[in-house]
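Protein chains in written order, with the working numbering: chain D, 10 to 485; chain B, 4 to 493.
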Amino acid sequence: MPAKAAWLQGLFPALVTPFVFETEEVDEDAYRRLIRHVLPHVNGLVTSGTTGEFPYLTRQEQRRLVEIAVEEADGKPVIAGCGASSTQEALALAHDAAAAGASAALIVAPFFLRPSDKGLHQHFYEIATSVDLPIILYNIPQMVDAYLPRPVVEDLADLPNVIGLKDSSGDLSYTMELLEYVGDRIDILVGHDEVALPALAGGVSGLILASGQVYPEIWQAIIRLVREGRLEEARALQRSIQKLSRIFCRHGGGVAVKAALRMMGLDMGPPRRPLKAVGGALIHETQAEIRLELEKLGKIAPVDIPFAYPSAPLTERFQELGIAPETVASSGLRVGSGTAGEGLNRVQIDLIAGGKSTLLGEVYALQLTYPLRGREALTTILEPALTVRPATLLLPTVPQRNLRQANMIYGPTQSALARAIVDALEIGRIPTSAVDGEVIIALATVHPQALDRHALYRSAYAAATQALAQAFAAET
Amino acid sequence: MGYKVEWFKGIFPALVTPFTRSGAVDEQAYRQLIRFVLPHVNGVVSCGTTGEFSSLTLDERKRVTEICLDEVAGRVPVVVGTGCKSTRETLILTRWARDAGADAALVVAPYFLKPTFNEVYDHFRAVDEIGLPLVLYNIPQCAGTHFRWWTAEGMALDFEHVIGIKDSSGDLPFLEALFEKVRGHVAIFVGHDEIVQAALAAGADGAILASANLIPDIWQQVYQATLKGELAIAQEWQQKVQKLVRIVVNCSSTQAVKEGLRMMGLEVGDSRHPIMPGDGFRREDYEELRVQLELLGKIGKAPLVYEAGGRRIVTEVFATPQTPCVVSDLTLRVGEGFAGPPFHELAHVDLLLGLKDGPVGRAIERALAGWGEERGLRLINERPRTLLVPTVTVRTPKQRALLYEYAVAGINIAIQASIADGFLPEALLDQLALIVNAFVHPAASIARRIMLNNYKATLQAIRKAIEGRPTLEELFNEKVCARHPFRYAP
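What follows is the structure in structure tokens.
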């Protein structure tokens with residue numbers, strides 16, 4: 010193991026930088042709150058990294074963040090992000106970091122005007138030989154649009170001041186190559202949350218992670234389990250956070266981390282523009298997904314939504330649509346119901362079908378003019394621009410409180426219903442005469458806490474198939 | 004040293020290979036296609052990328068080329084795609100093409116197992132030794148193997164039988180490098196439909212194009228105008244076809260061309276799997292391609308009879324083989340339209356079309372009298388009476404403006420266009436009612452895209468409602484492979 014910096018191992022969260030709404034000023038109090046929240050679980054801190062929106066911070070602000078972190082760190086090391094596109098600016102930042110008491114500078118590969126190998130070497134060489142502060146090289150091709158070439162790293166690793174390399178590429182073949190060539194001279198830290206476990210098992214010294222401030226204790230447990238060789242347990246833990254880690258790495262970055270922290274009661278404010286708190290890299294649907302994942306981890310309490318699977322006699326389940334039980338028979342409407350799946354994945358489909366010129370045609374048209382808040386009826390499609398026939402409306406019975414929940418209805422449930430209808434048509438269960446002559450309205454009841462889209466699809470398909478079989482039984 | 008031949012210039016369609024419903028090569032359709040393009044072209048290419056050479060057996064490639072040679076009968080030169088993954092197979096097929104009477108072989112860079120530059124060079128040298136005039140073919144989008152200029156230069160100048168290079172990369176700096184290195188020695192053909200005019204103006208000798216199956220006459224005009232130095236005319240034509248060819252180039256070109264030909268009345272079947280309808284050539288691309296072909300006058304009008312309310316109204320619409328002759332039931336017709344990207348500016352329209360005195364008209368009146376105000380419904384047009392129903396709750400002033408100004412503008416443009424093109428017949432407008440469910444994503448920004456996407460989605464929805472699409476056949480063919488975007492976790 011490299012011995013240049015014995016402290017450079019374990020977990021280092023890449024802290025977000027909190028900002029005040031409207032003014033976009035750095036919110037120092039929030040920063041201190043964040044540090045106090047994570048400190049018990051980490052081996053050190055990283056200021057103004059990529060997650061900390063470093064390209065949007067002034068030199069003074071970056072220095073101030075280091076000062077606060079050093080004050081709050083209680084003796085734990087502070088790694089100062091000192092990334093810049095020019096060598097001159099990176100040098101200035103590193104000098105500041107040294108003066109402010111940082112333990113090391115994290116220097117990203119120069120970006121925008123991208124130098125070739127010589128320029129890269131020169132950049133790091135100049136900083137490492139003129140600043141009295143250990144240097145950690147930083148490879149993040151997702152932002153820089155280039156890798157740090159391994160031969161360049163090989164040479165830089167000989168410099169006494171270069172103590173490590175943070176690899177955020179997520180490309181394990183690159184990480185392994187680094188361990189092969191420089192692992193005996195500098196510490197390799199992985200900066201890609203999705204591959205932390207395999208990287209640790211492969212021999213990296215530690216983790217610098219965005220999610221290190223959201224679930225630091227889980228990362229510490231994984232580090233410990235890997236050290237003890239208890240890989241099965243480590244895998245289970247990594248899997249429990251895989252989706253959130255993927256979201257932080259690939260679907261929103263620091264903005265998604267801020268959204269998660271806000272849900273956990275740690276409001277770090279918005280990102281600086283042009284990033285948007287939501288609706289940019291972090292889309293609304295993903296934000297809703299973060300909430301449910303945090304509920305799963307026990308980081309926030311789930312919201313209890315009262316609901317019930319409809320249990321009234323079948324003909325009475327369509328009264329909300331204005332179809333009285335006696336009308337079902339007198340108008341010659343077909344009804345059917347199906348239920349499938351267990352627990353959270355249980356789905357019930359109650360459907361009604363009938364001629365376009367009957368009451369159901371009126372109801373169908375009316376439903377499309379009446380968007381129920383949270384229960385919007387949608388035309389059933391196999392995929393966009395592939396509408397099923399007979400025309401079918403899907404109506405959720407439980408109000409959708411967020412886009413994530415809505416996704417469960419309008420995604421797996423809807424596509425399963427669509428597939429069940431087309432299958433029923435193909436086997437002749439639904440008669441060809443119904444294709445143009447009839448319409449269907451399907452009421453879907455899905456558990457509001459449902460999470461597993463694949464299981465839901467299967468339940469919804471089975472439930473819809475049963476319901477169609479019952480409704481169209483007379484035809485076969 | 005390669006050389007230039009007098010005949011290798013101008014417009015060469017990369018002919019599609021028609022298939023019957025059972026999947027065999029459709030000889031009659033192929034002959035028909037050749038007869039359709041022949042008056043407008045300087046030559047043809049059989050079994051190119053657009054001809055799905057990579058999905059044909061060696062025997063089929065020979066058969067297709069035989070048909071092509073027979074039908075063309077020497078009236079124009081025939082260039083035959085003979086490239087394969089391995090040198091061994093390429094040699095077999097190229098020798099065969101030489102003996103069959105082909106004028107030249109178009110040989111793609113060997114693909115999948117990516118050979119190095121010198122391996123590519125030696126591959127082509129072996130093909131060159133066969134003695135058939137040789138066209139080197141660069142299409143990195145498919146082959147994954149990009150000629151560098153030094154490879155191309157070496158092959159063009161070192162080999163004896165090279166008569167040209169076809170570059171489909173769309174990479175203008177690369178094309179300029181070719182001009183610099185080898186122009187005057189061999190012909191340089193552009194194979195990327197989006198930059199034809201630019202390439203010809205810059206000095207390309209001709210173009211081998213997928214879209215020349217559909218619009219050979221227009222490409223010939225671009226070529227002739229360029230020859231005469233009438234750049235403005237050439238530019239104008241390129242711009243007129245730009246949207247069409249962008250779809251062809253970027254959206255499974257073989258399937259796009261085949262569906263375009265079908266819309267124009269020339270049935271050539273679908274592409275062989277894994278290329279299929281509704282995949283790379285998406286449903287919305289189909290609709291857009293159709294509109295573009297209509298604008299270019301490539302799809303003709305046919306009578307469509309509406310039987311409604313005891314009346315019989317005859318109108319003329321741009322008809323494809325899927326367009327019915329009679330629409331007799333206007334009780335309640337459902338159409339759906341989808342257009343994007345970008346993600347936040349996607350338009351997804353659910354549309355109901357019917358008579359004012361039917362379920363659709365009655366629903367509109369009940370909604371307006373009841374919850375219209377509260378739910379943000381708007382009557383956005385009187386002829387036909389059209390109700391806008393927002394399907395996502397409007398939360399911000401920005402979203403409100405984007406919905407009620409830009410999305411509505413797009414919907415109304417689509418309605419006016421549908422009146423003009425006959426799908427919404429003038430004589431029925433006083434009796435017709437539309438319910439349009441539309442939405443604007445809370446994070447949407449780009450106003451112009453919202454307008455255009457809603458225009459496209461509404462136009463599609465109206466046509467699909469009238470034409471009864473998707474058809475059962477489409478549903479049955481695609482039910483297993485359909486990809487619903489919300490079905491999967493991020």
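Just so it is clear, CB atoms sit at the ideal spot from N, CA and C, and this is done for glycine as well. Model, not experiment: these values are computed from the prediction.
(Q) To be precise: take each residue of the segment 273-287 of chain B, compare its Cβ to all Cβ atoms of chain D, and keep it if any distance is under 8 Å. Which residues remain? (A) G281, R285, R286, E287
Q) Nearest chain D C-beta to B:H347 closer than 8 Å, yes or no? A) yes
Q) Is B:A17 helix, strand or coil when you go by DSSP? A) strand
Q) Under 8 Å between C-beta atoms, does D:H293 make it to chain B? A) yes
Q. Between the beta-carbon of D:Q18 and the beta-carbon of D:S214, is there less than 8 Å?
A. yes
Q: State the beta-bridge partners of D:E304 as determined by DSSP.
A: None, per the DSSP bridge assignment.
Q. How big is the Cα-Cα spacing for D:V171 and D:R282?
A. 34 Å
Q. Could one say the Cβ of D:H260 lies closer than 8 Å to chain B's Cβ atoms, at least one of them?
A. yes
Q) Opposite B:K401 in the DSSP bridges: which residues? A) Answer by DSSP bridge pairing: none, since B:K401 is not bridged.
Q: Mind checking which residues open and close the alpha helix (DSSP H) that includes B:I469?
A: 450-470
(Q) Short of 7 Å Cβ to Cβ, which residues in the segment 426-460 of chain B face chain D? (A) I438, N440, P445, A446
Q. Looking at the unbroken beta strand (DSSP E) that takes in B:Y140, where does it start and where does it end?
A. 137-141
Q: Tell whether a beta-carbon distance below 8 Å holds between D:A362 and D:A480.
A: yes
Q.
Please classify B:A208 as buried or exposed, where buried requires at least 16 other C-beta atoms within 10 Å of its C-beta.
A. Reading off the sequence, residue 208 of chain B comes out as Asp, not Ala. By the 10 Å Cβ count, B:D208 comes out buried.
Q) Closer than 8 Å, Cβ to any Cβ of chain D: which residues of the segment 460-477 of chain B, in chain order? A) Q463, K467, G471, P473, L475, E477
Q) In the segment 329-343 of chain B, which residues sit with their C-beta less than 8 Å from some C-beta in chain D, listed in chain order? A) D332, T334, L335, V337, G338, E339, G340, F341
Q) Looking at C-alpha atoms only, which residue of B:I14, B:L109, B:G232 is the closest neighbour of B:D220? A) B:I14
Q) Is there a Cβ from chain B that is less than 8 Å from the Cβ of D:T485? A) Reliability fails at D:T485, whose pLDDT of 45 lies under 50, so the model's placement of it is uncertain and no value is given.
Q. Cα separation between D:A374 and D:L403?
A. 13 Å
**Q.** Residues in the segment 381-393 of chain D having any Cβ partner in chain B nearer than 8 Å
**A.** R382, E385, L387, T388, I390, L391, E392, P393
Q.
Run through the DSSP bridge pairs and tell me what B:R336 is partnered with.
A. B:L356
Q) If contact means a Cβ-Cβ distance below 8 Å, which residues of the segment 402-425 of chain D contact chain B? A) N416, Y419, G420, P421, Q423, S424
(Q) Quick test of the definition: if touching needs 3 or more C-beta pairs under 8 Å, does the segment 345-352 of chain B touch the segment 338-357 of chain D? (A) no
**Q.** Identified DSSP bridge partners for B:H351
**A.** B:F341
Q: Look at the alpha carbon of D:I313 and the alpha carbon of D:P457, and state the distance between them as a whole number of angstroms.
A: In the sequence as presented, Ile is not what sits at residue 313 of chain D; that position holds Asp. Going from the Cα of D:D313 to the Cα of D:P457 covers about 9 Å.
Q: Would you kindly report the start and end of the unbroken beta strand (DSSP E) that includes B:A409?
A: The sequence shown places Tyr at residue 409 of chain B, rather than the Ala named in the question. Element bounds for B:Y409: n/a, residue is neither H nor E.
Q | Proximity below 8 Å, CB of B:L72 to CB of D:R398 | A | no
Q. Near D:A425, which residues of its chain fall below 7 Å by C-beta distance, leaving aside the five closest residues on each side in sequence?
A. Y466, A469, Y470, A473
Q.
If you follow the alpha helix (DSSP H) that B:Q200 is in, where does it begin and where does it stop?
A. 199-205
Q: Using beta-carbon positions only, say whether B:V193 and B:A213 come within less than 8 Å of one another.
A: no
Q: Count the CB pairs spanning the segment 11-28 of chain B and the segment 43-62 of chain B that are closer than 8 Å, and state whether there are at least three.
A: yes
Q) Which of helix, strand or coil does DSSP assign to D:T485? A) Below a pLDDT of 50, predicted positions are generally treated as unreliable, and D:T485, at 45, falls in that range; the measurement from the model is reported next regardless. Correct three-state label for D:T485: coil.
Q: Below 8 Å on the Cβ atoms is my guess for D:A219 versus D:D196; work out the distance and round it to an integer in Å.
A: So it is not a contact: roughly 19 Å between Cβ atoms.
Q.
Taking the alpha carbon of B:V79 as the reference point, which residue from B:T97, B:R101, B:D106 has its own alpha carbon closest?
A. B:D106
Q. Which whole-angstrom value describes the C-beta separation of B:L181 and B:A155, a residue pair presumed to lie in contact below a C-beta threshold of 8 Å?
A. 6 Å
(Q) For D:Q246 and D:P311, what's the separation of their Cα atoms in angstroms? (A) One detail in the question is off: residue 246 of chain D reads as Leu in this sequence, not Gln. Their backbone Cα atoms lie some 21 Å apart in a straight line.
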